[in-house]
Amino acid sequence: MNRNEGNEVDKLAFVFPGQGAQTVGMGKDFCEKYDVAKRLFKEADEALGFSIRNMCFEGPAEDLKLTANTQPAILTMSVIANEILKEHGIQPDIAGGHSLGEYSALVAADVLDFQDAVLLVHKRGQYMQEAVPVGEGGMAAIIGLGDAAIVDACEKATKEAGEVQAVNFNCPGQTVIAGTTKGVERAVELLQEAGAKKAVVLPVSAPFHSSLMKPAAEKLAVELDKVEIRDAKFPVVANVTGKMETKADEIKKNLVTQAANPVLWIDCVKAMKEFGADTYVEAGPGKTLCGFNKRIDKGLTSLNVENMESLKKTLDYFQEVR
5 MNRNEGNEVD KLAFVFPGQG AQTVGMGKDF CEKYDVAKRL FKEADEALGF SIRNMCFEGP
65 AEDLKLTANT QPAILTMSVI ANEILKEHGI QPDIAGGHSL GEYSALVAAD VLDFQDAVLL
125 VHKRGQYMQE AVPVGEGGMA AIIGLGDAAI VDACEKATKE AGEVQAVNFN CPGQTVIAGT
185 TKGVERAVEL LQEAGAKKAV VLPVSAPFHS SLMKPAAEKL AVELDKVEIR DAKFPVVANV
245 TGKMETKADE IKKNLVTQAA NPVLWIDCVK AMKEFGADTY VEAGPGKTLC GFNKRIDKGL
305 TSLNVENMES LKKTLDYFQE VR
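Dropping the structure here:
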């Protein structure tokens, strides 16, 4: 079922979360109930050569927070949520994912094999961390200021202190900047002076999606050459363009570019809406993208699936609208 017969749900979009959504214990209740969850955790462990399942279930949180672990953990959880929804007859017409989540969306659209994707994002995390030593780069979320003012402040801070740029255009009133530690600190000062409601330095270990990630993008391109990338079974919106894509060659190119370029999430949601998607299911840990949706367009229906409780609510919703 891509939509119900009565057409109360027009087109259905699945969206997949990025880093920061992970929690110790995630996936445990799915494994107790669904064989597909057990199978996918087993496949992930085999691909990685260590137990991401144990890390998800038991932690410690410090290990789960390491980029090279966070990325395969969230991808595994997201693909499990997608497969469980599929077992219940709920499948998307279009998909998108925030940063790392784009890989989850591509697994859902049968562009990448799950085991290939798990290993790719593990390496992606390693390469991103290696590109900028810990302590030398950072990120900050800027709340309550327009994009133009943020871009201007980053340009000024780059000249004065060190490289920094706007990298995640998440929703109106929330943009994330990234760069050198000094560049981010100077930009935060300038943005507070410019009237930002809040500037929160994020607990991350690298300046993701900034131009400082170019070495990671180059290494990732080599890894992407080793795996099979197929045309998508349904459109997936690309972070770097905010446009729908189905062709394998373009998807591959976009994944390389994505590592060192901004995430245009507002544009991604607008593209899904223009396609006709008015109902969105966030598949994977957390509800961050549901929150962004409310800020982007209050008319969108947003649901999430991260555990048995949220799964039940989402299935009940589809039962009603069918």
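Residue 255 in this note's numbering is what sits at position 251 of the sequence shown, and the numbering runs on without skipping anything. Using N, Cα and C, we set each Cβ at its ideal position, and we do this for glycine too. Quick caveat, the model's predicted, so the values are computed rather than measured.
Cβ neighbour criterion (16 or more within 10 Å) applied to residue i
i	result
E167	buried
N308	buried
E66	exposed
G288	buried
N6	With a pLDDT of 49 at N6, under the threshold of 50, the predicted position of this residue should be treated as unreliable, and no value is reported.
V138	exposed
G187	buried
N58	exposed
I147	exposed
G100	buried
E50	exposed
Q323	exposed
E310	buried
V226	exposed
Nearest-angstrom Cβ-Cβ length linking residue i and residue j, presumed shorter than 8 Å
i	j	result
P21	G105	5 Å
I98	M276	5 Å
V205	V192	7 Å
Q355	A210	Absent from the model: residue 355. The displayed extent of the chain is 5 to 326, so no value can be given.
F4	I270	Summary: the structure shown does not reach residue 4, with the chain confined to residues 5 through 326, and so no result is reported for it.
V40	I84	7 Å
Limits of the unbroken beta strand (DSSP E) element including residue i
i	result
A170	168-175
N308	305-309
G101	98-101
D117	No beta strand (DSSP E) holds D117; DSSP gives it neither H nor E.
Beta carbon of residue i nearer than 8 Å to that of residue j
i	j	result
F61	K32	yes
A48	V122	yes
D120	R234	no
H126	Q196	no
A17	Y321	no
K160	L194	yes
G290	C272	no
A242	N265	no
First and last residue of the uninterrupted alpha helix (DSSP H) at residue i
i	result
A157	151-164
Ignoring anything shorter than 4 residues or poking outside the segment 18-96, list the alpha helix (DSSP H) runs there in chain order. Fully enclosed alpha helix (DSSP H) runs of 4 or longer: 32-37, 39-52, 56-62, 65-69, 71-91.
Scan the segment 236-266 and note each continuous alpha helix (DSSP H) run of 4 residues or more that stays entirely inside, going in chain order. The segment 236-266 contains these whole alpha helix (DSSP H) runs: 252-262.
As an exercise, report each continuous alpha helix (DSSP H) stretch of at least 4 residues that is fully enclosed by the segment 198-237, in chain order. Counting only unbroken stretches of 4 or more residues, the alpha helix (DSSP H) elements lying wholly within the segment 198-237 are 218-228, in sequence order.
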